[in-house]
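Chemist: I have a structure I would like to understand better, so I am pasting it below and will then ask my questions one at a time.
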Amino acid sequence: MLSRRLWEGSKRPVRRDTFMMMKEAATLKKPEAVVERWMDRFLKDALEAQLPKRFSSMSAGEKAQELYDIVSFVRMAGSEKSESEDVALLRSRASALASDKETRNTFARVFARGRAEIKGTERSPLYGNIAQMTRSTGALSLRHRELEHKLFIGDVKGPASEKLTREELMESAGDLAKMRVERDALTRLEGEEKTADKTDVAAHLMHETLGRYHDEAEKGFAWLPSRLDIHRSIRAALSNGRFPLLVGEPGVGKSEQADAVAEQLTDDKCVKIACTSSTGEHDLIADKEIDERGSYLRYGAASRAATGFVSSRDNRPERMHGRIVRADELLKINFDKTFGLIKEIAQKKPGDQMHENVQHPVLKGFSLIATTNPAGARHQLDKLPPALEREFAEIKVDYPPQSPENPELYEFMLATLMDDKKYISIPKSELAPAYERKEVVNQKTKDGRDIAAEEKIIATSNDARHGTLWRVANAIRAIQDSYTADNPDERARLEPSLLRFNPTTNAVVAQNAPNAEPLTLQSSTMTLKEISSWMRGFGTRMESADPSLRAKTFSDWLSYKANVFVSQCPPNDRAKMEAVFKHFSILTPTPTNSTEPMTNLDIGYLSPRVPRPLEIKGETARHSTDIPREVSESRTVETVEYLTEKGERVRAKPTDYDIGAIQGSRFNYTIRSGATFKKEGVKYAGVNAEKPEELILISGELARSLSKDAFLAELAKECVLTVEAAERAIGRERLWADADIKDAFGFTPEKVFLVPYSAQELKDYKARDCMLQLVVEKMPDGTPLTIEKMAELVGSNVEGRDRSGNPNKFRLYKDQFGENGEMLGSAWFSGPQYAAIRAQMPKAGWQVVSRKTINGTKSLSYIPQTEKLIAYAKETFGGTFPPAYAEAERQFVREKLGIETLMKDDKNSNRFIEASDKLSKLSISQLLREPSANMMFRYLVGTKSRNERLLTDEYTWSNTPSGVGHLVSFGHADAGGAHVNRHRPDYAWNDIGAVFSRIES
């Protein structure tokens, strides 16, 4: 009876939207629940383990990456008894990682998504068609290679067998070519709608392709599309009875291509010979040798390859088939001496006697592939003699192409970043090209759904919104083109696309800029081997004891490698090479906010060869490559659901919003996603996903969707919002804004953030001798405002007045920057290990900052100083911290003792580096101290625009680590200039105090 009542009581009608929400939630939770159950089984009985120290500074996303890596390895190796103890240890480490709730949830979410993506893709009819065609193509390709190999080395019995084999080869070649064209068309979705169900298939196939490139590269040669084209040209030359001559600049892969062709055709390695002006019969045919047994002939490269014999003493050949000779640098040969010999070798046919001194027949499979740099003055090489041109087929070998339409170089780099599990454990934001969202009007899919938008790749190759790897690929291809274009024969072809260089400023400039000239490089390029070493080196960097190699992020690593590469360039190319890397913002690492692991589908979508899915109205965008980076851009983003005060649900799309003009103000304003406007935590969450004209405001846990006017009215109850209102509260002399930035750096910010402080707060800060400053991180064209760029814009000297009011000329820097603001080699932060410091941009927003160090903070080390700062800051908030600051204080108390213990270990420099890194990353350090770039920004603006020099006789510590155990400090801005310094945080210095800083945007 009771159960019946319960049943009938549960039969109340359920609203359809509620039911759909419950169904959607169950659908989303089920895959994660499966992963959670699997994890419970996997980690059952795992022993407790202490995680290595390097894990302590990792985010939850980075730890989830490590957990994925361990789980994948253990699943592959767990059954091998010889590794059982090691596997048990790894399971224990996985258990320790999974004990962190956020790490485990991130892992479960991504792993479940990956499983669902694979299952969804494999159920697609399109995928089934392509998979079947791929299998058929693969089987036919293997058969074609087998037949080609047999015919090339003569492994067929009799003329009839040879005829049948050749006919089968021709038929298979035709079928293979047709199938490849059809498969490529399917993969590119030709004639297909670019909806997510189709583009997911293309992304899945791209992941498989990248995995194949990885496996091939591990074996020595990746068969990229351009390399397959070269292979076909080589085969065509050989079938026409001509020796292929591979012509290309150093590092394009000529020798590797010849080796790969030999492996394909003969299942054997090349016989190699390095040609010089002295190369002759003794190198190619035979040379007389004498030992204790008497004299004999040691056969040269051509004779060994053609006959299978190594010397005249051999009774039987080493091989029963011919091999391919790889003649490197053919054009270095003295053809006056060897012309006839090469002509003779080129005309040999199977069965002919090799030479009068080598009385063995030429075997099937013998041929020669030559390589050379281009003829001309650059390499001091003459062209091939006309009489030999008939014996050789010249085949051009270029660097792999790199463009949004054909991103082969980028795909090669992705493949070399893969591990053996075909996974890339680097955040997507550091790798992916960036896309812009383009709205679509009045278009529907074939099944009637409304198309809202499509994504198009940002065409500008050096745009800061692109991930670092995409910009590096574009930079490398620009370097390669600049090197190739130094050859006069190639200049005309390449000149329209070359970067332009201003030799006066040593910078890349616009095509039509004054003093712009095509950027060419005389002796510096980037080879595929170097590119591979950069990619693979990231995976092993933590094995080095050298602190400069232990880069935290992939962007840091590429910045370090680029800085080292520039420093080692020949002097005649160094300035140009540096300009190229600066143009693509490689020498200045791009901060990354996303560390969530990728799925296989995410990796496939990295290539712009894969079409982006159309955005359908009412559906959440999937697999978008938008990257949460501090750059204003229009793009599709995931939405976040909130509960309103009425119990309804509303979805916010996190994005910056251009407010425009506000009555009574001369500025156009913008608001950043996540901006907090009140110490109790009123936050802007984004625009309403269903009503883009409304903005979402979060108070506590509840949301309100407001019109722009209502939104501004709500914020105005607590904040001054406009620059003019802020000026009335704090005073003109204490407010440095757009005009000051213009005076100092020569540009005016296009947009200004809403001022998030109340009038009373600003009056209180004024009473504490604080100022309010607008800080920007980039120039209007997107150029990062690094310390080098700031120095370049401002120069080294400034006209001002001394303390007596007399006109005077001051230096801006102390022995670290030159007359034109260029960084000097004597500056301690000029080395490649300090690239992250040079790359740092100011933290943008409205910064409240004390004009001097806080009383009582000198002669204290970093931690006691921080305690003083906490007390001071708490007073500015009326005695009680807002939630974010309160949690930061609790974290400081929890971690303080551990950091102090690390700093006491003077004998271990790595522990001291770890301690300073932890100090800099403490939330309280991020909230109450400022980056070193902000210090320099304020100093330059004050000196240039206001004739006011701050920190004239004292230093203040930043929250920026030096990378070698110190924290960057700034100050002592006397007449000789300010100084960027570094000090150990465990020491107390009588001239280092703490400046209070609060930055809101």
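Residue numbering for the sequence shown follows UniProt numbering, starting at 1 and increasing by one per position. We put the CB at the ideal spot given by N, CA and C, even for glycine.
1. Between which two residues does the beta strand (DSSP E) containing PHE501 stretch?
2. Can you tell me whether ASP352 is buried or exposed? The criterion is at least 16 other CB atoms within 10 Å of its CB, across all chains shown.
3. Applying the 10 Å Cβ sphere with the 16-neighbour rule, what's the burial state of TYR987?
4. Using only the alpha-carbon positions, how far apart do ASN129 and ASN959 sit?
5. Name the residue from GLU167, ASN105, PHE152 and ARG180 whose alpha carbon lies nearest to the alpha carbon of ALA139.
6. Rounded to whole angstroms, what is the Cα-Cα separation between LEU772 and GLY821?
7. So what's ALA994 in DSSP terms, helix, strand or just coil?
8. Alpha carbon to alpha carbon, how far is SER403 from ARG304?
9. Just the Cα atoms here: how many angstroms apart are ARG242 and ARG378?
10. Does VAL893 pass the burial test, meaning 16 or more other C-beta atoms within 10 Å, or should it be called exposed?
11. On a CA-only basis, which of ILE153, ASP917, GLN380 and VAL941 is nearest THR748? Give me that one, please.
12. For ASN373 versus LEU381, is the C-beta spacing smaller than 8 Å?
13. PRO386 by DSSP, collapsed to three states: which one?
14. Do GLY618 and PRO654 come within 8 Å of each other at the CB atom, strictly closer than that value?
15. Please state if the CB of ALA464 and the CB of PRO784 are separated by a distance shorter than 8 Å.
16. At what residues does the beta strand (DSSP E) containing PRO244 begin and finish?
17. May I have the straight-line CA-CA distance separating SER920 from LEU614, to the nearest angstrom?
18. If you drop the 5 nearest sequence neighbours on each side, which residues of the same chain put their C-beta closer than 8 Å to that of LEU702?
19. Mind checking who ILE671 pairs with in its DSSP beta bridge?
20. Put PRO961 into one of helix, strand or coil per three-state DSSP.
21. Would you check if the distance between the CB atom of SER497 and the CB atom of ASP481 is smaller than 8 Å?
22. Please classify LEU697: is it buried, with 16 or more other beta-carbons within 10 angstroms of its beta-carbon, or exposed?
23. Specify, as a first and last residue, the run of the alpha helix (DSSP H) that PHE339 falls within.
24. To which residues of the same chain is ALA260 closer than 8 Å at the C-beta, ignoring the five residues directly before and after it?
25. Grab the span of the beta strand (DSSP E) containing LEU697 for me, first residue to last.
26. Thinking C-alpha only, which one of ILE476, VAL776 and GLN359 is nearest residue 1051?
27. Below 8 Å CB to CB, which residues in the same chain sit around ASN990 once its five sequence neighbours on both sides are set aside?
28. Would DSSP call LEU284 helix, strand or coil?
29. Which residue marks the beginning of the beta strand (DSSP E) containing HIS979, and which one marks its end?
30. For the beta strand (DSSP E) holding ILE324, just list the boundary residues, first then last.
31. For the alpha helix (DSSP H) holding TYR470, just list the boundary residues, first then last.
32. Per the DSSP calculation, GLU1000 is bridged to which residue(s)?
33. With a 10 Å radius around its C-beta and 16 neighbouring C-beta atoms as the bar for buried, classify THR504 as buried or exposed.
34. Tell me whether the beta-carbon of VAL794 lies closer than 8 Å to the beta-carbon of PHE745.
35. What's the C-alpha gap between ASP287 and ILE153?
36. Going by beta carbon distance, what residues of the same chain come within less than 6 Å of GLU249, once the five residues before and after it are set aside?
Modeler: Straight from the coordinates:
1. 500-502
2. Exposed: under 16 other Cβ atoms inside 10 Å.
3. Only exposed fits TYR987, as fewer than 16 other CB atoms lie within 10 angstroms of its CB.
4. 56 Å
5. ARG180
6. 26 Å
7. coil
8. 43 Å
9. 27 Å
10. exposed
11. VAL941
12. The answer is yes: Cβ separation under 8 Å.
13. DSSP, reduced to helix, strand and coil, places PRO386 within a helical segment of the structure shown.
14. no
15. yes
16. 243-247
17. Spanning the two alpha carbons is a distance of roughly 42 Å.
18. TYR642, LEU643, THR644 and GLU645
19. TYR657
20. strand
21. yes
22. buried
23. 335-346
24. GLY220, PHE221, TRP223, ARG227 and HIS231
25. 694-699
26. The structure shown has nothing for residue 1051, since the chain only spans 1 to 1001.
27. LYS858 and SER859
28. helix
29. 977-983
30. 324-328
31. The question names Tyr, but residue 470 is Trp in the sequence shown. It spans 468-484 - the alpha helix (DSSP H) in which TRP470 sits, taken as one unbroken run.
32. TRP846
33. exposed
34. yes
35. 27 Å
36. THR484
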